[in-house]
Amino acid sequence: MSKMKKALMLSTAAIMVFGLAACGSSNNSSNNASKSNSSNTSNASDSSSNASGETVELSFWTLGNTNYEDLANQYMKDHSNVVIKIQNTGDQTAHHNNLTTALSAGSGAPDIFQLEIGFMERFLAAQDSFYNLNDLGATEVKANFLDWKWAQASSVDGSFQIGLPTDIAPTVAYYRTDLLEQAGLPTDPVEFSTLIDTWDKFASVAKQFTDKTGIPFVDSRDLIYNAVRDQADGQIYFDKQSGEFIGNTNPQVKKAYDFTIKGIQEGWVANYALWAADWTQATNDGGFAVLSGPAWMLGNIKSNGPDSKGLWRIAQLPEGSGNWGGSFLSIPKQSKHAEEAYAFIEWMTSQEQQLQTFTVSGLMPSTPALFEAPEFKDFTDEFLGGQASAAEFASAAERVAPIYYGPLHDQTDSYIKEAIQNVQEKDADPQAEWDAAIQKIENLIKRS
Amino acid sequence: MATTAQTSVTTTVPKRRLSERQRDNFFAYLFISPFFIIFGIFGLYPILFTIYLSFFKWDALNPMKYIGLQNYQFVLEDSIFWTSFSNTLLISVMGTIPQLLLALVIAIFLNSAFTKFKQAFRVMFFMPNITSIVAVALVFSAIYSNNGMGNWLLDTFGLDAVAWNSGWWGVKIAIATMIMWRWTGYNMVIYLSGLQSIPTDLYEAARIDGAGRFQQMIHITLPLLKPFIIFTVMMSTIGSLQLFTEPYVFLGQSGTSSLRSEGITMVNYLYSEAFSNSFFGTAAATAVILLVFTIIFSMINMWASNKLGGDTE
Chain A
18 MSKMKKALML STAAIMVFGL AACGSSNNSS NNASKSNSSN TSNASDSSSN ASGETVELSF
78 WTLGNTNYED LANQYMKDHS NVVIKIQNTG DQTAHHNNLT TALSAGSGAP DIFQLEIGFM
138 ERFLAAQDSF YNLNDLGATE VKANFLDWKW AQASSVDGSF QIGLPTDIAP TVAYYRTDLL
198 EQAGLPTDPV EFSTLIDTWD KFASVAKQFT DKTGIPFVDS RDLIYNAVRD QADGQIYFDK
258 QSGEFIGNTN PQVKKAYDFT IKGIQEGWVA NYALWAADWT QATNDGGFAV LSGPAWMLGN
318 IKSNGPDSKG LWRIAQLPEG SGNWGGSFLS IPKQSKHAEE AYAFIEWMTS QEQQLQTFTV
378 SGLMPSTPAL FEAPEFKDFT DEFLGGQASA AEFASAAERV APIYYGPLHD QTDSYIKEAI
438 QNVQEKDADP QAEWDAAIQK IENLIKRS
Chain B
1227 MATTAQTSVT TTVPKRRLSE RQRDNFFAYL FISPFFIIFG IFGLYPILFT IYLSFFKWDA
1287 LNPMKYIGLQ NYQFVLEDSI FWTSFSNTLL ISVMGTIPQL LLALVIAIFL NSAFTKFKQA
1347 FRVMFFMPNI TSIVAVALVF SAIYSNNGMG NWLLDTFGLD AVAWNSGWWG VKIAIATMIM
1407 WRWTGYNMVI YLSGLQSIPT DLYEAARIDG AGRFQQMIHI TLPLLKPFII FTVMMSTIGS
1467 LQLFTEPYVF LGQSGTSSLR SEGITMVNYL YSEAFSNSFF GTAAATAVIL LVFTIIFSMI
1527 NMWASNKLGG DTE
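So the sequences go chain by chain: A and B.
Quick note on my numbering: the first sequence kicks off at 18 and runs consecutively.
Quick note on my numbering: the second sequence kicks off at 1227 and runs consecutively.
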C-alpha cells in the first residue's frame, strides 16, 4: 500500500517537474527552432536572391489606427515569398517600452518597428541597436521626403538614418468663425491668416477679441507655448552639436515663455488644462476662439465639439509652423532579414502607399510630391465648412523647420510648463518661476 | 543546509539507496520548490539586480557604467525627492486617518439592528474598491479642474476657487479624497467582520449592568476591535508608501509628462526617473531608499502595535 503510494507520489512529482521543465524549455526550443529556421531561410534566400520558394517572415509592430495591415496584405500578394506578421498596440508608451525591453534583453525585437517621433531621441542614442538605413539604400529615396521630417530620424551629421518617414503632423491654427464674427473679425481663412501673420499682430488681435467679447482667445497655455516654441531655429532646449542645455539663452524659448505670460496677464489665454474635461467642454461650447494644434488635433476637435460642426476653419500660424507627432519605420539590429524588411518599408513609405494611408486613415503624407495630387489637393472637410483642409496642412508642412530636440526635451519642457501654470493659476511671479524652472532643469541634466 | 547537500548527493549518485528520511526530505523540497523557483526568478533576482543597478548609470539601451554611490547622492541631494517624501507622508495622513474613522462609523451603522438593506449597502460601499482606478481618477479630475464641479460648488457658496491642479493643498486634497473614496469601503468590510465577531452576550451583560450605548461602545466595541484597527492602520501605512496611480493619472491629465511637485509621491518620482528620463540607475537607487523607508515604517508600526495590542501577540 505504502509502496503504491510512494510510486504514485514519485510519478506525480516526476510529471510535475518535467511539466515545469517542459514549459520552461519548450518556448526556448521553439524559439531556437524558428530562429535557426529563419536564419537558414535567410541564408538560402541570400544565396538564391529571393527567387526560390523560401518564405521570409517579417514581424511588424505597428502603433494606433493605420491601414498598414491592408498595405501588408497587398505587399504579400505581390511578393509570395514574404509573410508579414503585424502586431498592433494602441498605447504609445507601452509600444516603445516593449522595444526597449526587447533591445536590452537581446532578443524579441520585431523586424520592423513603427517609431513615434516623441520617443525618437531615446532610440537615436542607441544606434548600435538599429540598422543604418543609409547602408540599405535609403540615400536613394531621401529626396522624396520633406527635409525636416527626414532630419528628425538622422544623426546630427546625417550619416546614420534610423527610420523612413511615414506620416507627419504640421501645426495650424484652428479657429471658430462664429466667435470671430461676434468680435467683428474677418472669418475667411486667407484674410484671418494675413491678419495674424506675426506674433505681435496675433497678440493685439487676441486682446481686441477678448476685450470685445469677454471670451479668451486661445484655448490653453500649453498649446500656445508649443506653437511659438516649435518655431525655434534648429534647436530648442539643447544644442544640436554639443547636446548642452541652451534653453536659458535660446531667444525663441524666452519669446515663447514671455508671449504666453503676456497672454495670461492680458486675459486672452483660457485657464483650461489641456485634455481636461472642462477644456473638452469648452471646445464644444465656444469657450475659446483659437486652438493651435497639429493635423491630428482635428480628430479631437471633431469628437469634443460635435455641436460646433461647420463653424471651425484652419488658418496658418504666424511666422511659421511646427510639427507634433508622426512616425518612422525602423529595422532593429536583431532582425535577420534586414534587406527584405527594407524593401518592404521603402515600398510602404512610397508615394502611392502614403496616398492610400491618407485616404483611408487620414494620416498626412511626408512626401511633398503628393501635395499636388488631385485626390489630396481637392480633399475637403464638411466639419471645416468644406474647406480644402489637406491643402492647408500641406502648406503648413512646407513651413516647418528641422529641429533638434535632445533626449531630455520632454522633461525639460514640462518644467517650463509648470512655471507657466504657476503664473496662471497661482499668480506667481514670472521671473521667479522662470529661474526656478531653469534651476530644476540644471539639476536634471546633472545626472544624465 | 544539510538536507540540500543530501538531495544533491541523491542526484549525483543515483545508485545509492536513500533512507526513508532522506527520501521524505527530498520529496518535501521537491514539492515546495515551484514557489522558490518562481520567487527566485520574479522576486529575488529583480531585487538583487535593482541593488546592483543602483551603482551604475544606465539608460536601458547603452552599456552600463559604474559610478559608485553617485546615484544615491543625486537622489538624496535632490529637493524634488524630499518633496516627494513629505508629499507621500502628508497625502497618506490626509487620506488615511479620516478614511479609517469614516469606515468605522459606517461599519457600526451597518452592524446596528435598525439598518435596512444591509447587503445592498455593503456592496455599494465596497464597489469603489473594485472600480478601475484610471476611470476613478478621470472622474475626479472632472470634479477637481479649474472650471470643474469642485470650484463651481465653492462658487455657489461664495468661496474662492481653489487651484486643484497646482495649489499646494489643492492637489493633496484632490488626491487624498480619491484614496479615501476608494479604500473606505474596503476597511469598512474589515471592521464589519470585526464587529460581527464580538459575542452579543457581552453587550447583554453590559446592558443588564446598566451601561449606555456610548459606554458599550467605549468599553466593549473599541477594545475588542483593536486588532482589526491595528491591521487596517498597518495595511494603509504600507499601501500609502506605495501610492502611485492616483497622482499619476490625476496630474498626468494636465498635459505635461512630469508630475508637479505638489503631488509627486516617492513611487512617482522613481517611475519618472526610469521611464520618462531613462535614468535607470537613479531610479534603482530610489527604489533601494524606498525599501529602507518601508522597513523603518513597518518597524515603527510593529513596535506601536506591540505596545498597544499586547493581547494580540
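For every residue, glycine included, the Cβ atom is placed at its ideal position computed from N, Cα and C.
Query	Result
What in chain A is Cβ-close to alanine 1286/B, meaning under 7 Å?	Thr117 and Ser121
According to DSSP, simplified to helix, strand and coil, what is phenylalanine 1470/B?	coil
Going by Cα to Cα distance, which pick from Glu1499/B, Thr1520/B, Trp1529/B and Met1525/B is closest to aspartate 1304/B?	Glu1499/B
Quick check on this structure: which residue in Lys350/A, Ala312/A, Gly284/A and Asp228/A has the alpha carbon closest to the alpha carbon of glycine 201/A?	Asp228/A
In the DSSP output, which residue or residues are listed as bridge partners for tryptophan 78/A?	Gln104/A and Phe130/A
Whose C-alpha, out of Tyr1497/B, Tyr1298/B, Gly1438/B and Trp1409/B, is nearest the C-alpha of threonine 1458/B?	Trp1409/B
Would a check of beta-carbon distances place serine 1483/B closer than 8 Å to chain A?	Because serine 1483/B sits at a pLDDT of 47, beneath the cut-off of 50, its placement in the model cannot be relied upon, and the following sentence gives the value as read from the coordinates. Judged by the 8 Å Cβ criterion, serine 1483/B is in contact with chain A.
Are three or more beta carbon pairs between the region 1440-1456 of chain B and the region 1382-1391 of chain B nearer than 8 Å?	no
Does the distance from the CB of threonine 1314/B to the CB of leucine 1467/B come in under 8 Å?	yes
By how many angstroms is the C-alpha of alanine 1510/B removed from the C-alpha of asparagine 265/A?	30 Å
Would you give the residue range spanned by the beta strand (DSSP E) that phenylalanine 1257/B belongs to?	From DSSP, phenylalanine 1257/B is part of no beta strand (DSSP E) but of the alpha helix (DSSP H) over 1246-1265.
Hey, out of Tyr1370/B, Asp1381/B and Gln1422/B, whose CA is closest to threonine 1403/B's CA?	Tyr1370/B
When we look at the beta-carbon of glutamate 1246/B and count the other beta-carbons within 10 Å, is it buried (16 or more) or exposed?	exposed
At the level of alpha carbons, what is the spacing between isoleucine 103/A and glutamine 370/A?	17 Å
When DSSP labels each residue in this structure, what does threonine 188/A get in the three-state scheme?	strand
Please work out which residues of its chain come closer than 7 Å, Cβ to Cβ, to phenylalanine 1454/B, disregarding the five sequence neighbours upstream and downstream, and give them in chain order.	Ile1416, Tyr1417 and Gly1420
Using the C-alpha atoms, what's the distance from isoleucine 331/A back to serine 210/A?	9 Å
Taking 8 Å as the CB-CB limit, is serine 1234/B close to chain A?	No answer about serine 1234/B holds up, because its pLDDT of 46 lies below 50 and its placement is not dependable.
Using C-beta distances below 8 Å, list every residue in its chain close to glutamate 198/A, excluding the 5 sequence neighbours before and after it, in chain order.	Thr204
So is asparagine 321/A in contact with chain B if we call contact Cβ pairs under 8 Å?	no
Residues of chain A with CB under 8 Å from arginine 1486/B, in chain order?	Glu435 and Gln438
What residues from the region 274-305 of chain A come within 7 Å of chain B, judged by C-beta to C-beta, listed N to C?	Asn288, Tyr289, Ala290, Leu291, Trp292, Ala293, Ala294 and Asp295
Under a three-way DSSP split, which group does threonine 1463/B fall into?	helix
What is the rounded straight-line gap between the Cα of methionine 1406/B and the Cα of glycine 1321/B?	5 Å
Can you check whether the C-beta of threonine 1508/B is within less than 8 Å of a C-beta belonging to chain A?	yes
Rounded C-beta distance between serine 171/A and phenylalanine 177/A? I'm assuming under 8 Å.	7 Å
Does asparagine 114/A have its Cβ less than 8 Å from a Cβ in chain B?	yes
Taking the alpha carbon of threonine 1491/B as the reference point, which residue from Asn1503/B, Glu1472/B and Phe1505/B has its own alpha carbon closest?	Glu1472/B
Please list the partners that alanine 524/A has in chain B, where partner means a Cβ-to-Cβ separation under 7 Å.	Residue 524/A falls outside the range modelled here, since chain A spans only 18 to 465, and no answer is possible.
Measuring CB to CB, does phenylalanine 305/A end up less than 8 Å from phenylalanine 375/A?	no
Is glutamate 261/A close to chain B? Criterion is C-beta to C-beta, closer than 8 Å.	no
Restricting to Cα atoms, I'd like to know which of Asn1377/B, Leu1326/B, Arg1243/B and Gly1393/B is closest to threonine 1463/B.	Leu1326/B
State buried or exposed for valine 100/A, treating a residue as buried only when at least 16 other CB atoms are found within 10 Å of its CB.	exposed
Give the straight-line distance between the Cα atoms of glutamate 442/A and glutamate 459/A, rounded to the nearest whole angstrom.	25 Å
List, in order along the chain, the chain B residues whose C-beta lies closer than 7 Å to that of serine 146/A?	Leu1287
Starting from glycine 1374/B, find everything on chain A with Cβ-Cβ shorter than 9 Å and list it in chain order.	Ala293, Ala294 and Asp295
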